[in-house]
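**Q** Counting in numbering that gives the first Met the number 0, the sequence shown runs without a single skipped number right up to 238 at its last residue.
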Amino acid sequence: MLTIIPVLFTAWAHAQRGAPMLVTPPVDIAKMQQVGIVMYDNIQEISEKAGAVEAAVYLRDDWSEGTILTSSGHELANVLIKYDIKNNVLELATQEGTKVLSGNYVRQFELKEGNTAPKTRFINSKSLGGPSDTHTGFYEILTSGARAQLLVRIELIREKPNYSPIMDVGSKRSGFRKKETLCMESNSQVVEVKDKDIYNLFGTYQDDMKRYAKSNKLKLKKREDAVRLINYYNSFPQS
Numbered sequence: 000m001l002t003i004i005p006v007l008f009t010a011w012a013h014a015q016r017g018a019p020m021l022v023t024p025p026v027d028i029a030k031m032q033q034v035g036i037v038m039y040d041n042i043q044e045i046s047e048k049a050g051a052v053e054a055a056v057y058l059r060d061d062w063s064e065g066t067i068l069t070s071s072g073h074e075l076a077n078v079l080i081k082y083d084i085k086n087n088v089l090e091l092a093t094q095e096g097t098k099v100l101s102g103n104y105v106r107q108f109e110l111k112e113g114n115t116a117p118k119t120r121f122i123n124s125k126s127l128g129g130p131s132d133t134h135t136g137f138y139e140i141l142t143s144g145a146r147a148q149l150l151v152r153i154e155l156i157r158e159k160p161n162y163s164p165i166m167d168v169g170s171k172r173s174g175f176r177k178k179e180t181l182c183m184e185s186n187s188q189v190v191e192v193k194d195k196d197i198y199n200l201f202g203t204y205q206d207d208m209k210r211y212a213k214s215n216k217l218k219l220k221k222r223e224d225a226v227r228l229i230n231y232y233n234s235f236p237q238s
């Protein structure tokens with residue numbers, strides 16, 4: 000286990016304890032980002048990774064460069080990240096090996112998709128604040144506006160062995176597959192996007208939304224169509 004040496008920033012001294020903020024370490028200690036960062040409130044250390052993890056439980060198989068925003072408002076920028084869905088931990092590649100940071104201490108993180116593609120953002124379910132959402136872990140943010148966000152909930156489904164000795168086909172081992180569910184967040188409520196039910200959430204705009212979806216032949220099970228619908232909803236002025 001690696002205990003992070005405390006580093007004091009002037010901004011911390013003038014901030015209210017626990018207040019959300021972004022902090023970028025000075026250049027002379029920027030290398031500490033590859034090891035960890037001291038949290039003003041709740042994180043005192045980043046642990047060594049213990050043992051191997053089954054590849055299927057990762058959000059992505061390969062390391063991705065990204066940025067982590069912690070629950071106390073501090074930033075770890077330009078680090079190599081893997082997200083372990085099963086255990087809800089973020090793995091960080093460092094010069095001293097792989098370290099792990101509990102997802103409970105992370106408000107959101109983003110991953111780069113290349114030099115030109117937009118970054119992919121993920122938000123902790125706890126940050127959404129809705130009592131109706133029992134999902135733990137992170138949602139991918141597809142689009143976000145003043146009225147609503149379109150999210151993707153990513154879950155692991157355990158698959159049982161399906162080996163047939165008669166046919167000599169299938170797998171003898173259990174495993175995981177990833178299940179993606181489109182969800183909408185509005186007024187701190189997270190609901191699954193379904194063709195028939197989603198329009199009730201649009202309040203006085205539900206008839207407008209139905210006409211827009213029909214005229215554009217939108218299928219809400221498709222990501223790109225659901226993004227168009229939520230963007231249209233966010234285009235209405237706030238009352």
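Yeah, the Cβ is synthetic: ideal placement off N, Cα and C, and Gly gets one too.
A quick note: this is a predicted structure, and the numbers were derived from the prediction, not measured.
On the three-pair Cβ rule with 8 angstroms, is the segment 63 to 70 touching the segment 98 to 112?
**A** Yes, since at least three Cβ pairs between the segment 63 to 70 and the segment 98 to 112 fall closer than 8 angstroms, the two stretches touch.
**Q** Could you pull out every residue in the same chain whose Cβ sits closer than 6 angstroms to the Cβ of LEU21, ignoring the five residues on either side in sequence?
**A** With a pLDDT of only 32 at LEU21, under 50, the local geometry of the prediction cannot be trusted, and no value is derived from it.
**Q** Quick one: measure Cβ to Cβ for ILE122 and PHE137, integer angstroms, because I've assumed they're closer than 8 angstroms.
**A** Yes, ILE122 and PHE137 are in contact; Cβ-Cβ is about 6 angstroms, under 8 angstroms.
**Q** List the endpoints of the continuous alpha helix (DSSP H) containing LYS213.
**A** Run containing LYS213: 205 to 214, per the alpha helix (DSSP H) assignment.
**Q** Excluding the five sequence neighbours on either side, which residues of its own chain have a C-beta within less than 7 angstroms of the C-beta of GLN205, listed in chain order?
**A** Hits under 7 angstroms: TYR198 and ASN199.
**Q** May I ask you to verify whether the segment 206 to 215 touches the segment 172 to 190, counting CB pairs closer than 8 angstroms and requiring at least 3?
**A** These segments do not touch.
**Q** Buried or exposed for GLN237, please, with buried defined as at least 16 other CB atoms from any protein chain shown within 10 angstroms of its CB.
**A** Looking at its Cβ environment, which holds fewer than 16 other Cβ atoms inside 10 Å, GLN237 is exposed.
**Q** Could you check the C-alpha separation between LEU110 and PHE235 for me, to the nearest Å?
**A** Near 30 angstroms, if we compare the C-alpha coordinates of PHE235 and LEU110.
**Q** Considering only their Cβ atoms, is the gap separating TYR82 from LEU89 smaller than 7 angstroms?
**A** In this structure, TYR82 lies closer than 7 angstroms to LEU89 by Cβ.
**Q** For SER185, which residues in the same chain have their Cβ closer than 8 angstroms to its Cβ, ignoring the five residues on either side in sequence?
**A** Here the set comprises ARG146, ALA147, GLN148 and LEU200.
**Q** Identify, in the order they occur along the chain, each residue of the same chain with its Cβ nearer than 6 angstroms to the Cβ of THR23, setting aside the five sequence neighbours on each side.
**A** Residue placement at THR23 is flagged as unreliable, the pLDDT there being 33, under the threshold of 50; the coordinate-derived value follows with that caveat. There are no such residues.
**Q** In terms of residue numbering, what span does the alpha helix (DSSP H) encompassing GLU139 cover?
**A** Where GLU139 is concerned, there is no enclosing alpha helix (DSSP H), although the beta strand (DSSP E) it sits in stretches over 137 to 143.
**Q** Quick check on the DSSP output: the beta strand (DSSP E) that includes LEU58 runs from which residue to which?
**A** Neither: LEU58 is in no beta strand (DSSP E) and is coded neither H nor E.
**Q** Taking only the alpha-carbon atoms, compute the straight-line gap between TYR231 and LEU219 and give it to the nearest angstrom.
**A** Computed Cα separation, rounded: 13 angstroms.
**Q** Which residue comes first and which comes last in the alpha helix (DSSP H) that contains ALA147?
**A** Unbroken run through ALA147: none, as it is neither H nor E.
**Q** Return the CA-CA distance between LYS125 and THR135, expressed in angstroms with no decimal places.
**A** Their Cα atoms are separated by approximately 7 angstroms.
**Q** Determine the extent of the beta strand (DSSP E) in which ILE122 is found, giving its start and end residues.
**A** Per DSSP, ILE122 belongs to the beta strand (DSSP E) from 119 to 123.
**Q** For THR115, count neighbouring C-beta atoms within 10 Å of its own C-beta (all shown protein chains included) and say buried if the count is 16 or more, exposed if not.
**A** With fewer than 16 other Cβ atoms within 10 Å, it is exposed.
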